[in-house]
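Chemist: Chains as they are written, first to last, in the working numbering: chain A, 2 to 256; chain H, 2 to 256.
No residue lacks a Cβ here, since even glycine has one placed at the ideal position from N, Cα and C.
There are 2 protein chains.
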Amino acid sequence: MSEKPRQQAAASGAGTPGSAQGPDRKPDDRKPDESRRDRTGAAPTRSTYRHGDLRRALIEAGIDLARQGGPEAVVLREATRRAGVVPNAAYRHFAGRQDLLQSVRSAALSALAEAMEAEIDKTAAIADPGGQARARLRAVGTGYLRFAFAETGLFRMAFAPLEGVRIAGDAREPADPANAGRSGLNPFQLLGAALDAMVEAGVLPPARRPGAEFLAWSSVHGLAMLVIDGPLRGMPEIQIEAVSQRLIAMVEKGL
Amino acid sequence: MSEKPRQQAAASGAGTPGSAQGPDRKPDDRKPDESRRDRTGAAPTRSTYRHGDLRRALIEAGIDLARQGGPEAVVLREATRRAGVVPNAAYRHFAGRQDLLQSVRSAALSALAEAMEAEIDKTAAIADPGGQARARLRAVGTGYLRFAFAETGLFRMAFAPLEGVRIAGDAREPADPANAGRSGLNPFQLLGAALDAMVEAGVLPPARRPGAEFLAWSSVHGLAMLVIDGPLRGMPEIQIEAVSQRLIAMVEKGL
DNA sequence: GGGCTTTTGTGGACAGCGTCCACAAGCCTA
DNA sequence: TAGGCTTGTGGACGCTGTCCACAAAAGCCC
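1. Which chain H residues sit within Cβ distance under 7 angstroms of A/R68?
2. Among the candidates H/T143, H/E201, H/T81, H/A181, whose CA atom is the shortest distance from the CA of H/G132?
3. Are the CB atoms of A/M251 and H/L216 nearer to each other than 8 angstroms?
4. For the alpha helix (DSSP H) that H/D129 lies in, which residues bound it at each end?
5. Are H/S245 and H/R139 closer than 8 angstroms when you measure CB to CB?
6. Out of H/N180, H/T49, H/A62, which has the shortest C-alpha to C-alpha gap to H/A116?
7. To the nearest angstrom, report how far apart A/A67 and H/A126 are at their CA atoms.
8. Using the beta-carbon count (16 or more within 10 Å), is H/I121 buried or exposed?
9. Using CA atoms only, rank isn't needed, just tell me which of A/I64, A/E73, A/G71, A/T81 is closest to A/H52.
10. Kindly say whether H/D230, judged by its beta-carbon, lies nearer than 8 angstroms to any beta-carbon of chain A.
11. Taking its Cβ as the centre, do 16 or more other Cβ atoms sit within 10 Å of H/F190, making it buried, or is it exposed?
12. State buried or exposed for A/A149, treating a residue as buried only when at least 16 other CB atoms are found within 10 Å of its CB.
13. For H/A195 and H/G154, I'd like the C-alpha separation in whole angstroms.
14. Write down the C-beta distance between A/V76 and A/M158 rounded to the nearest angstrom, noting that I regard them as a contact closer than 8 angstroms.
15. Give a yes or no on whether the minimum CB-CB distance between A/P162 and chain H is below 8 angstroms.
16. Assuming H/Q69 is part of the alpha helix (DSSP H), what are its boundary residues?
17. When the Cα atoms are used, what is the spatial distance from A/Q69 to A/T143?
18. According to DSSP, is A/G193 part of a helix, a strand, or is it coil?
19. Helix, strand or coil: which one does DSSP assign to H/M236?
20. Compare the Cα-Cα distances from A/Y50 to each of A/I64, A/D65, A/E73, A/A84 and report the closest residue.
21. Got a sec: is the Cβ-Cβ distance from H/R210 to anything in chain A below 8 angstroms?
22. Report yes or no: is there a C-beta of chain H within less than 8 angstroms of the C-beta of A/M236?
23. Three-state secondary structure (DSSP) at H/F215?
24. What do you get for A/R93, buried or exposed, if any count of 16 or more other CB atoms within 10 angstroms of its CB means buried?
25. Would you mind giving the Cβ-Cβ distance between H/A134 and H/M199, rounded to the nearest angstrom? I have them listed as a contact below 8 angstroms.
26. May I have the straight-line CA-CA distance separating H/L102 from H/A62, to the nearest angstrom?
27. So for H/G185, helix, strand or coil by DSSP?
28. Enumerate in chain order the residues of its own chain whose CB-to-CB distance from A/W218 is below 7 angstroms, with the five nearest sequence positions on each side excluded.
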């Protein structure tokens, strides 16, 4: 997993001390980004002074960085480097590093939502409504945990503290599309929807829904955190399914 | 404690751009630290070239920094500045920033354990063993959550990801005294002990203990995280007691 | 089309950070 | 008293985020 947090002064300067790519940085070595096509419809001109969609490129670079090093690996200068652009160019699209981070966070949250949706999709074939609703809740937990373990960097990015900003928004608030998966729901709304389905299918008493939501949120998120970098680190993935199974039992039995 | 807070790099450089305290840094403005007394037994000499207990001073500065800014606010140079020492001096006591952070983390963990113990102490007066055991578990949860909200910076410090280091150690492992409260137990061991007491008092079936531990860990920790910088941010503290109450009901009813 | 403004990227600079190296001051022991 | 060990100093390096002034491309209007 965490091999090398990448630069950031990390440990030793053993990697690339001075050389890097200092003086030979020319605008010509910029990679031919095709994303600018969609602006003019024509082929890109030879000159690449204008990047085309730098904002998106920076966010994608940030996601890549976050994927393999978490929030602290999202370094503004490195993102611009990958986009083939000078550091200051980022300030035309973001107020600063925090702003970039926030966009990367939204993307990470969206990725989490999609991972959960993928898991939910597998339950579509179940005919029995009650069984389907239960399987859906289980899928929510499984997707959440699987993502946390498979994409630890992105998961941490999704929940990094960031300058007094609320993360995913309350489940009762309208969803920010940037944080949502293809269904338009953010991760926590997906969980709420799963509980709604259980109530509707009659496998969860309505009176128990609020408490169940609370408990499910906390326990799934807490488990992920404890496993990722807490005392439970290194828990075998086989247990994930078992834990998700337990989750639904917990919710149904009430609290 | 801290005589001269100096200035703090904190957020942006917008505060004091240039001046700082450049050339007038003299060894004479170092505060007369009395901690070096215990080395010689005599009064400290006039010369303060030797600090006396720099390691401890740096950790304490780190705790102070973490308390009001979380892990990322623990800046090595600022810690040395507060200790009245040149940045490199830290390297005589710590391998680097990560190493300092780890020590600060241990201290934060210990503070958490002590906060929990303080809450536990309040339950000592209860006569009925079953009631006492239940109150103790409730106290564990309350103490954990209260600390998370009252000392958010330290709490985040306690659980910050740090170079592939396990945090509090497994509950089954021997306790690291540096992480423990006055009872010698770390936060998670305190929870385990509370569950043990419940089993012993006969209010928790032994077969349900493992699952209960899992659930209690995850839900309390997850709740704290979600409230601190997740979608639940800003939850009124009044609810904390209610949540702790729920926690015990949950554990007893099983999962 | 030519000249204007607006957008977007460049170049250079600054302070702060973590870290490394060589050296000096203090203390301890032979 | 001479040497050696520990601990703090001074100076440097490369990295970071951010600010400023300037230049290139694109859009707009006549």
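Modeler: Based on what the coordinates show:
1. Taking a Cβ-Cβ cut-off of 7 angstroms, A/R68 has no neighbours in chain H, whose nearest Cβ is about 15 angstroms from it.
2. Selected option, being the one with the closest Cα: H/E201.
3. A Cβ-Cβ contact shorter than 8 angstroms links A/M251 with H/L216.
4. Annotation: H/D129 is outside any alpha helix (DSSP H) and is labelled neither H nor E by DSSP.
5. Yes, these two residues count as a Cβ contact at 8 angstroms.
6. The shortest C-alpha separation from H/A116 is found at H/N180.
7. About 50 angstroms.
8. The residue is buried, with at least 16 neighbouring Cβ atoms inside 10 Å.
9. If you compare the alpha carbons of A/I64, A/E73, A/G71, A/T81 with that of A/H52, the shortest gap goes to A/T81.
10. Residue-level contact check: H/D230 touches chain A, since one or more beta carbons of chain A fall below 8 angstroms from its beta carbon.
11. Note that residue 190 of chain H corresponds to Gln in the displayed sequence, not to Phe. Buried.
12. With at least 16 other beta carbons inside 10 angstroms of its own, A/A149 counts as buried.
13. As the crow flies, the alpha-carbon of H/A195 is around 26 angstroms from that of H/G154.
14. Actually they do not touch by this definition, with Cβ atoms about 13 angstroms apart.
15. Cβ-Cβ to chain H under 8 angstroms: yes for A/P162.
16. Careful: H/Q69 lies outside any alpha helix (DSSP H) and carries neither H nor E.
17. In a straight line, the C-alpha of A/Q69 is about 22 angstroms away from that of A/T143.
18. Three-state result, A/G193: helix.
19. DSSP places H/M236 in coil when its eight states are reduced to three.
20. The shortest Cα separation from A/Y50 among A/I64, A/D65, A/E73, A/A84 belongs to A/A84.
21. For H/R210, no Cβ of chain A is located within less than 8 angstroms of the residue's own Cβ.
22. It does not: the Cβ of A/M236 has no partner Cβ on chain H nearer than 8 angstroms.
23. Residue state, collapsed to three classes: helix.
24. Exposed, by the Cβ-count rule.
25. Right, their Cβ atoms sit about 4 angstroms apart.
26. Looking at the backbone, the Cα of H/L102 and that of H/A62 are separated by about 11 angstroms.
27. In the three-state scheme derived from DSSP, where H, G and I count as helix and E and B as strand, H/G185 is classed as coil.
28. Closer than 7 angstroms at the Cβ level, and outside the excluded window around A/W218, lie F189, L192.
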